[in-house]
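Down below is the structure, laid out as structure tokens.
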């Protein structure tokens, strides 16, 4: 039978369920409005929609490597209590395996056919989890790495899912990839990234506009503090060099041994394994970053702990 747009709209307004879910409900109940409301309640879809407006800033950062492929993702819930729920953990694992097996980090993940059950979408699975668990849940972001033939993907999770890092390192000789020292290096650098939160691997990867803005701020600060105008340029150039050193991974003092830079560590490991070692790429997720008005300084916490390792 034909379902009018007006009836679908009325059902949506009453239940807060999605438009397509409302249409499905009315079709399944032959246009019976009250029966459609009940249909949505049974499916848990109305409840899931109502919860969708609630802020989800807790949850977990999860990472996993299978073979030469790694994934890191952030899934948010409303409370950290739910983040420890077995149902939530199962959802996180299911999404991670979906990304590992069926996603190339493009498109709307909610519209993709769930790899374990292609008859439903990832979004449908998420709605069911929301209805069962009782909180709004958001698949916020994810990244997937496929290692190069001479590469190694490694992940590190800190603080029970508060910070996660995924890194790919490569060796100039393929046989060196299986050397345990390379994996140890990847672990140490991932741990360092979690603690020190670098912007990029090297200075040439930091956007020019970021450097220009920093230079503008530093110039204004030096003028405000009474520095002589003719000395400003030289002073700011030195401060910019310091800014880049503090924010570029290879120039940072290694968190476990501040007497050496990360670049020095890479050279040292390279000599040990007999191959040049390169950090190809990395990604760092901090739980809730950018969601909450006030965020705990997890990086400082990690740095303090790592110096004791």
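Residue numbers (my numbering): 3 to 311.
Ideal Cβ positions, reconstructed from N, Cα and C, are used throughout, including at glycine.
For residue i, the three-state DSSP class (helix, strand or coil)
i, result
"residue 9", "helix"
"residue 252", "helix"
"residue 66", "strand"
"residue 15", "helix"
"residue 201", "coil"
"residue 86", "coil"
"residue 289", "coil"
"residue 260", "strand"
"residue 210", "helix"
"residue 235", "helix"
"residue 151", "coil"
"residue 54", "With a pLDDT of only 49 at residue 54, under 50, the local geometry of the prediction cannot be trusted, and the value read off the model is given with reservation. Residue 54: coil per DSSP, three-state reduction."
"residue 177", "helix"
"residue 107", "Residue confidence is low: residue 107 scores 48 on pLDDT, short of 50, so the model does not pin down where it sits. Its coordinate-derived value is still stated next. Coil."
"residue 4", "coil"
"residue 92", "helix"
"residue 34", "coil"
"residue 294", "Bear in mind that a pLDDT of 43 at residue 294, under 50, signals an unreliable position, so the number given afterwards is only what the model happens to contain. Residue 294 falls in the coil class under three-state DSSP."
"residue 240", "helix"
"residue 229", "coil"
"residue 276", "coil"
"residue 59", "coil"
Nearest-angstrom Cβ-Cβ length linking residue i and residue j, presumed shorter than 8 angstroms
i, j, result
"residue 276", "residue 175", "7 angstroms"
"residue 153", "residue 273", "Not quite, the Cβ-Cβ distance comes to about 20 angstroms (not below 8 angstroms), so this is no contact."
"residue 168", "residue 157", "5 angstroms"
"residue 73", "residue 144", "6 angstroms"
"residue 289", "residue 40", "Rounded, the Cβ-Cβ distance is 38 angstroms, inconsistent with contact."
"residue 27", "residue 9", "Not quite, the Cβ-Cβ distance comes to about 10 angstroms (not below 8 angstroms), so this is no contact."
"residue 140", "residue 181", "Going by Cβ atoms, the distance from residue 140 to residue 181 rounds to 40 angstroms, so no, they are not a contact pair."
"residue 255", "residue 244", "The pair is not a contact, with the Cβ atoms about 12 angstroms apart (cut-off 8 angstroms)."
"residue 71", "residue 147", "7 angstroms"
Beta-carbon proximity of residue i to residue j, cut-off 7 angstroms
i, j, result
"residue 166", "residue 287", "yes"
"residue 224", "residue 208", "no"
"residue 64", "residue 94", "yes"
"residue 192", "residue 170", "no"
"residue 67", "residue 155", "yes"
"residue 217", "residue 234", "no"
"residue 138", "residue 60", "no"
"residue 252", "residue 270", "no"
"residue 184", "residue 202", "no"
"residue 113", "residue 123", "yes"
"residue 1", "residue 284", "Look at the range of the chain in this structure, 3 to 311, and you will see that residue 1 is not part of it."
"residue 200", "residue 259", "no"
"residue 117", "residue 98", "no"
Residue i - partner residues in DSSP beta bridges
i, result
"residue 160", "165"
"residue 74", "65 and 145"
"residue 2", "The requested residue 2 is not part of the displayed model; the chain covers only 3 to 311."
"residue 116", "119"
"residue 140", "78"
Endpoints, the alpha helix (DSSP H) within which residue i is located
i, result
"residue 26", "21-30"
Limits of the unbroken beta strand (DSSP E) element including residue i
i, result
"residue 121", "119-123"
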